[in-house]
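Take the sequence shown: its position 3, counted from the start at 1, is 17 in my numbering, and no numbers get skipped. In what follows, a single structure is set out as structure tokens and then discussed.
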Amino acid sequence: MKINYDLQELQVKYKPSKKKLTNAEKIVCSEKAYNYLLKSFNNDTLACQEQFNVLFLNHANYPIGIYKASLGGLSATVVDIKLIIGLALKSLASGIIISHNHPSGNLTPSEHDCLITKKLKEACSYFDIKLLDHIIVTPFNEKFSFADNGRL
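Right, dumping it as structure tokens:
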């Protein structure tokens, strides 16, 4: 019996827009990141479904793009670190800011929030990518920044 060892060809491509992002602001603080990320959340489900979004930044901290990583239930969502790192590498991001909402309005990070932050920060460090912040948003226009609170 002959075994076929042919493998699929893999390609890594990054196709940036040929247009400059004219409305993109440099992300210099958690407030700017929050304002940018808030637009990526679905306001209609902010109070009933957890959403997890990732903002990718270039070396000068200008946004490259946003990835809507997951949509979960009332109290949890799944975060796939491999996908986030893969997209960061593919987009040549130098930094990322992660964000998710707490439908309950509670700003206190959960144990799982802290664990995913720690794991993602470690994974990023292997590829010289900086996890700049983890921002929790609520349906009440409030935020909690891990960076601002010394929790990063």
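For glycine and all other residues, C-beta sits at the position ideal for the given N, C-alpha and C.
Between Gly119 and Thr91, the gap from beta carbon to beta carbon reaches 8 Å or more. Annotation for Leu52: Val151 place their beta carbon closer than 7 Å to its own, counting only its chain and skipping 5 residues before and after.
Excluding five sequence positions before and after Leu60, the CB atoms of its chain that fall closer than 6 Å to its own CB belong to Asn115 and Pro153, given in chain order. The beta carbons of Ile99 and Ala137 sit closer together than 8 Å. Every alpha helix (DSSP H) of 4 residues or more that sits fully in the segment 73 to 137 is shown, in chain order, as 95 to 104. For Gly87, the number of other beta carbons within 10 angstroms of its own is below 16, and it is reported as exposed. Taking 8 Å as the upper bound for CB-CB distance, Ser84 and Phe66 are in contact here, some 5 Å apart.
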